[in-house]
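Read through the structure below, which is laid out as structure tokens, and then see the notes.
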Amino acid sequence: MKIGIDITPFLKKRKTGISWYTYYLIKNLAKIDRENFYILFGCSIKNFKDRFLLKKEILSENFNIDVKMLSSNLISSLLLFFPIEFIHGKFDIIHILIHPYYCLHLSGKLVITFHDIAHLIFPEMFSLFEVETFKFAAKRAVKKADRIIAVSESTKNDLIKYLNVKPDKIRVIHLGLYDFFYEIFDEDMIEKVKLKYGIRKKYILSVGTIEPKKNHIRLLNAFVKIKEKINDYQLIICGKPGWKFREFYKRLSEINDKIRKDIIVTNYVPLRDLTILYKEADIFTFPSLYEGFGLPILEAMKCGIPVITSNISSMPEVAGDAALLINPEDEDDIANAILKLIEDKELRENLIKKGLERVRLFTWENTAKKTLKVYKELI
């Protein structure tokens, strides 16, 4: 069987969650599948060289890489009108790993991974163009797809509710945890990273793009509340600016100088630095309003820090009983949970222990095995 996988998400310069999903899925498929033949296709001008990284990592003769040195936006536009085989040849199965904008014309079976459908649930958090483009593509994609992979039961339920997808078409396959979070660092490297980001106290960490969905403004307000009771903590927010990011910075500018000097916004952080920031944090907060999965929850647990996260969407599914669950729309609830973890040492240790046990359930090997099973269903 000839299987095509779109690796365009991995060819981005600044790699995010879906980029690493692409990488680890393929790396683990290469370990377990010696029967099928894979073509890893994509288009990139700026990061054309990344195909060499994959070739180095994937030591398997049945995996070939076909990256075109072309604009991915140009190819996406062309493939709205021309078959995907026009660019990369024919396949028995094609797997699109990110919300699809170009899977309307192909002769083989189609598998699509949906990480979330936030554009349909929270349209006010995106531009009108983004919402309408996603809606156009998603409606056609779910009709065309032979199988849909949802990264959580929550995402599956959203697909059924908002796109009328038949449940028997969907397979839920959870994500795994990156290798980076197993690394051990020496004290010199840790201190360099802390100095780089201006960390001089114990700190509360949050990770996620600066956008309304991540709920950072309420987190800021909660931090202001707890500073009335404690002063030996900083708030570190790791995330690049996203949609409507100016609202966050406006609120940040309104906070008095004494508190604001203890709030650090890092912008994009390389994974190695991010791992250290996780490992050295005192508390991790993830009060998001919506997530398709919520991988930072597992990242924090693996690094041995107690987690506070939302009681809605996919987050309880990922966290299980290994986190404090809060109402993300209630600033007092967020603040009280932070104070509780600061003051209750026994609770902290209990959550850390449960978190380390919880992450063992989420491996990329399992993700790859279940994905391969989906491919075999279509033979």
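Per the numbering used here: the sequence shown = residues 1 to 379.
We treat Cβ as the ideally placed atom computed from N, Cα and C, and that holds for glycine.
Being a predicted model, the structure only gives us computed values, none of them experimental.
Review point. Taking three-plus beta-carbon pairs below 8 Å as touching, is the segment 269-280 in contact with the segment 291-306?
Key: yes
Review point. Is the CB-CB distance between F286 and L175 below 8 Å?
Key: Within the sequence shown, numbered from 1, the residue matching residue 286 stands at position 286. Within the sequence shown, numbered from 1, the residue matching residue 175 stands at position 175. No. Outside cutoff.
Check your understanding: So, are the CB atoms of R218 and E331 less than 8 Å apart?
Key -> Numbered from its first residue, the sequence shown carries residue 218 at position 218. Numbered from its first residue, the sequence shown carries residue 331 at position 331. Yes.
Check your understanding: Can you give the Cα-Cα distance for I112 and R147, rounded to whole angstroms?
Key -> By 1-based counting over the sequence shown, the position of residue 112 is 112. By 1-based counting over the sequence shown, the position of residue 147 is 147. Cα to Cα, the separation comes out at about 7 Å.
Review point. Can the beta-carbon of E291 be found less than 8 Å from the beta-carbon of S314?
Key: As a working mapping, residue 291 is identified with position 291 in the sequence shown. As a working mapping, residue 314 is identified with position 314 in the sequence shown. Contact: yes.
Review point. Looking at the structure shown, is S127 part of a helix, part of a strand, or coil, going by DSSP?
Key: Numbered from its first residue, the sequence shown carries residue 127 at position 127. Three-state result, S127: coil.
**Study point:** Beta-carbon spacing of L163, A150 below 8 Å
**Key:** Position 163 of the sequence shown, counting from 1, holds the residue named residue 163. Position 150 of the sequence shown, counting from 1, holds the residue named residue 150. Not in contact: L163 and A150 (Cβ atoms no closer than 8 Å).
Exercise for review: Within 10 angstroms of the Cβ of N231, are there 16 or more other Cβ atoms? Answer buried if so, exposed if not.
Suggested key: By one-based count along the sequence shown, residue 231 stands at place 231. Burial call: exposed.
Point to revise | Cα-Cα separation between E349 and E343, rounded to whole angstroms | key: Within the sequence shown, the letter at position 349 stands for residue 349. Within the sequence shown, the letter at position 343 stands for residue 343. If you take the alpha carbons of E349 and E343, they lie about 12 Å apart.
Point to revise | Inter-residue spacing [alpha-carbon to alpha-carbon] between R246 and N64 | key: The residue given as residue 246 occupies position 246 in the sequence shown. The residue given as residue 64 occupies position 64 in the sequence shown. Cα-Cα distance, rounded: 43 Å.
Point to revise | the segment 222-237 / the segment 332-342 touching (three or more Cβ pairs under 8 Å) | key: yes
**Study point:** Assigned exposure category for G239 - 16 Cβ within 10 Å defines buried
**Key:** Walking along the sequence shown from the start, residue 239 turns up at place 239. Classification of G239: buried, given that the 10 Å Cβ count is 16 or more.
Practice item. With distances taken Cα to Cα, identify the nearest neighbour of I312 among K139, L289, P296 and L295. Key: Within the sequence shown, residue 312 is the residue found at index 312, counting from 1. The residue with the shortest Cα to Cα distance from I312 is L289.
**Study point:** Proximity to D168 [Cα-Cα], best of Y178, L177 and N157
**Key:** Here the question's residue 168 lines up with position 168 in the sequence shown. If we check each option's Cα against that of D168, N157 comes out closest.
**Study point:** Residues near I259 by beta carbon distance below 8 Å, same chain, minus five either side
**Key:** By one-based count along the sequence shown, residue 259 stands at place 259. Taken in chain order, the residues that qualify are F223, V224 and K227.
Check your understanding: What's the C-alpha gap between L220 and K213?
Key -> For the purposes of this step, residue 220 is identified with residue 220 of the sequence shown, where counting begins at 1. For the purposes of this step, residue 213 is identified with residue 213 of the sequence shown, where counting begins at 1. Rounded to whole angstroms, L220 to K213 spans 14 Å at the Cα level.
**Study point:** Distance CB(V207)-CB(P296) smaller than 8 Å
**Key:** Mapped onto the sequence shown, residue 207 falls at position 207. Mapped onto the sequence shown, residue 296 falls at position 296. The answer is yes: Cβ separation under 8 Å.
Review point. Y178 by DSSP, collapsed to three states: which one?
Key: Your numbering for residue 178 matches position 178 in the sequence shown. In this structure, Y178 counts as coil in the three-state DSSP scheme.
Practice item. Could you spell out the range, first to last residue, of the alpha helix (DSSP H) harbouring K156? Key: If you number the sequence shown from 1, residue 156 lands on position 156. First-last of the alpha helix (DSSP H) with K156: E153 to L163.
**Study point:** Delimiting residues of the beta strand (DSSP E) encompassing F284
**Key:** The count along the sequence shown starts at 1 and reaches residue 284 at position 284. Element bounds for F284: I283 to F286.
Check your understanding: How would you call F136, buried or exposed, if buried means at least 16 neighbouring beta carbons within 10 angstroms?
Key -> Here residue 136 refers to the residue found at position 136 of the sequence shown. The residue is exposed, with fewer than 16 neighbouring Cβ atoms inside 10 Å.
Practice item. Assign D232 to one of three DSSP states: helix, strand, or coil. Key: As a working note, residue 232 is residue 232 in the sequence shown. Coil at D232, not helix or strand.
Exercise for review: Indicate whether T275 and L29 have their beta-carbon atoms separated by less than 8 Å.
Suggested key: Translated into positions along the sequence shown, residue 275 becomes position 275. Translated into positions along the sequence shown, residue 29 becomes position 29. No; because the gap between Cβ atoms is not below 8 Å, this pair is not in contact.
Review point. From what residue to what residue does the beta strand (DSSP E) around S310 run?
Key: Position 310 of the sequence shown, counted from the start, is the residue given in the question as residue 310. Unbroken beta strand (DSSP E) run through S310: V307 to S310.
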